[in-house]
Each structure stands twice: as C-alpha cells, then as structure tokens.
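Data block below; observations after.
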Amino acid sequence: MLAETLIGTGAIAAGGFVYAKSRRARLYREAADRIAQILRASEPDLAALKSRSLPDFTDHLAVLPDFLPAASFAALAAEAERLVSPERSFVPAHKRGGTVAYETLIAAAPAIVASYHSAGLRDIVSRLVGVPVRPTPIHDQSSLSVLVYNKPGDHIGWHYDHNFYRGRHFTVLLAIDNSGRAAHGLSHAVLEARLPGREIAIGTAANTLVVFEGARVRHKVTPIRDGERRLVLSMTFCTDPSSAWWQGWSRRLKDTAFFGVRALWT
Ligand SMILES: [Fe+2]
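The numbering of the sequence shown is the numbering used here, which starts it at 1 and goes up by one.
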C-alpha cells in the first residue's frame with residue numbers, strides 16, 4: 001500500500017514537472033515569435049552609434065554618457081515609465097529593489113525589446129568589448145529587465161554577476177532615470193566597482209550606458225533614500241550562449257531569487 005502511494009505520488013510529481021516544462025517551452029516559442037514580430041515592425045535606427053568613438057575596456061568596464069540619440073532614448077524611457085507595479089524582490093542583506101521581467105517587456109515594451117535585439121546595439125557593444133557578442137537566451141530572466149530602486153534602502157551589495165554560459169558574459173546598463181538629492185540632482189543609489197588597484201563610483205545620469213564584465217568586476221549599488229528614484233534598463237550579452245547542464249541549473253536557482261520558483265522550469 002505504502003509502495004503504491006509512493007509510486008502514485010512520484011508519478012503525479014513527474015507528470016506535473018513534464019506539464020510545467022512543456023508549458024514553459026510553449027511560452028518561450030510564443031515569446032520568440034513576438035520578438036521576431038517586434039523586430040519586423042520596428043528595428044530602431046541606431047546608425048548614429050556607428051561613428052561613436054569608444055572608451056578603453058582594459059579594466060572590463062566602460063561608461064558612455066549621453067549614449068542614445070535623444071528620440072531613441074525618449075521612446076525607451078516612455079515605455080519603462082509606463083511599466084507600473086514592478087515585481088518586488090527581497091533577498092535579505094543582499095538585494096532589494098523591484099524588477100520588471102523579460103516576459104513583461106516582451107508583452108508590453110516593444111521599443112525596449114527592439115533596442116536590445118538591434119544590430120546597432122549589438123555592434124557597438126561588440127566593438128567596445130573587442131569580441132562579437134549577442135543577446136543571451138530568451139529563458140534567461142537576466143537577459144533584459146528594468147530594475148527599479150524607489151523604496152528607501154533599495155540597494156544591492158558587493159557581488160559578481162555569475163556567468164552561466166560557456167562564452168564570456170557582459171552586463172549592459174542604461175540609466176533611464178536617476179533623480180534625488182545627491183550631487184547634480186542624482187539619487188544616492190550609486191554604482192560602485194572595484195577595478196585593479198582602485199574603487200570607482202559611477203554617476204549614472206539618465207541615458208548613461210555602463211558596460212562591464214560582471215564575472216570579473218565586483219560591483220554594488222549603494223542604498224537609495226526616501227523620495228529618490230533610479231530606473232535602469234539591464235541587458236546581458238554573451239559570446240557563446242550555450243551552457244553546460246550545471247550552468248543551466250545554477251542560473252535557474254539564481255533566477256528564483258528575482259522571479260520565484262517558477263524560474264526553475266525555465
Ligand atoms: Fe550585478
């Protein structure tokens with residue numbers, strides 16, 4: 001009797017897992033179709049980025065102020081601002097802040113999705129880091145998200161961005177809004193990074209792009225204060241999006257911190 005109950009429970013659990021996995025696979029196919037549709041409708045014109053001179057990337061980090069042409073930036077900012085009620089995440093003593101997930105952006109932010117997948121952005125990041133890169137896979141919740149720091153204390157402690165791929169992995173942040181009572185009207189949420197022999201604080205006014213190799217550069221964001229806001233478009237690119245099985249599982253476990261246990265089925 002006990003054996004039959006155990007077998008029955010195991011069968012139900014296995015069936016549930018297979019169902020959830022196939023459901024996620026269908027959602028990813030639909031999301032991929034939607035991205036293709038967005039790109040067909042409006043590939044953003046980022047030709048102006050082609051002629052831009054680029055800073056050095058020897059320390060695996062570079063900052064590009066006034067990054068996008070004004071009209072392109074305004075379109076992205078308008079979409080990000082419209083995305084209300086972000087999913088909140090809370091990982092004690094490590095990260096506080098809201099995150100708008102990739103799947104939400106695919107459904108509701110075509111200009112943001114089109115920019116992330118545009119040849120213009122891919123080319124300039126590739127030129128900057130010195131190797132050809134491409135967007136990370138659709139099932140990776142870190143590929144594209146909007147990070148929201150707007151509650152007093154929202155921050156993220158010192159960390160590396162773990163690389164879940166065989167190839168190199170780059171984090172690309174575009175500041176959408178950064179307003180508060182610190183110098184130059186910015187918020188107190190400051191991106192700090194440890195480079196060889198020094199620690200730097202990066203002022204990220206709106207339309208500043210920061211590119212870094214997160215697995216090599218330790219970084220953090222200091223706590224935001226009451227009444228301040230920092231809105232960041234976070235993107236990841238990699239040189240080879242394939243991953244070993246253990247890298248895939250590590251990524252899923254990390255994603256649960258941001259998006260709950262449903263990330264295990266991705
Ligand atoms: Fe990070």
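Every residue, glycine too, gets a C-beta built ideally from N, C-alpha and C.
Residue i versus the options, residue with shortest Cα-Cα distance
{"i": "D66", "options": "R229, P55 and N207", "result": "N207"}
{"i": "S187", "options": "T222, S42 and L209", "result": "T222"}
{"i": "E213", "options": "P69, Q141 and V63", "result": "V63"}
{"i": "L83", "options": "A71, G8 and L233", "result": "L233"}
{"i": "D45", "options": "T136, E103, H139 and G120", "result": "G120"}
{"i": "S72", "options": "N163, R181 and Y116", "result": "Y116"}
{"i": "D177", "options": "V217, I200, E81 and F237", "result": "E81"}
Any non-hydrogen atom of ligand 1 closer than 7 Å to residue i Cβ
{"i": "D161", "result": "yes"}
{"i": "G214", "result": "yes"}
{"i": "H155", "result": "no"}
{"i": "H219", "result": "yes"}
{"i": "T171", "result": "yes"}
Status (buried if at least 16 other CB within 10 Å, exposed otherwise) for residue i
{"i": "Q37", "result": "exposed"}
{"i": "D33", "result": "exposed"}
{"i": "R52", "result": "exposed"}
{"i": "L174", "result": "buried"}
{"i": "G180", "result": "buried"}
{"i": "H139", "result": "buried"}
Whether residue i touches residue j by CB criterion (8 Å)
{"i": "S145", "j": "A101", "result": "yes"}
{"i": "H184", "j": "A205", "result": "yes"}
{"i": "S242", "j": "R166", "result": "yes"}
{"i": "G203", "j": "D154", "result": "no"}
{"i": "F239", "j": "V172", "result": "Position check: residue 239 holds Thr in this sequence, whereas Phe was assumed. Not in contact: T239 and V172 (Cβ atoms no closer than 8 Å)."}
{"i": "A193", "j": "L76", "result": "no"}
{"i": "A114", "j": "E43", "result": "yes"}
{"i": "R229", "j": "N150", "result": "yes"}
{"i": "T136", "j": "T236", "result": "yes"}
{"i": "H162", "j": "A78", "result": "no"}
{"i": "P69", "j": "A48", "result": "yes"}
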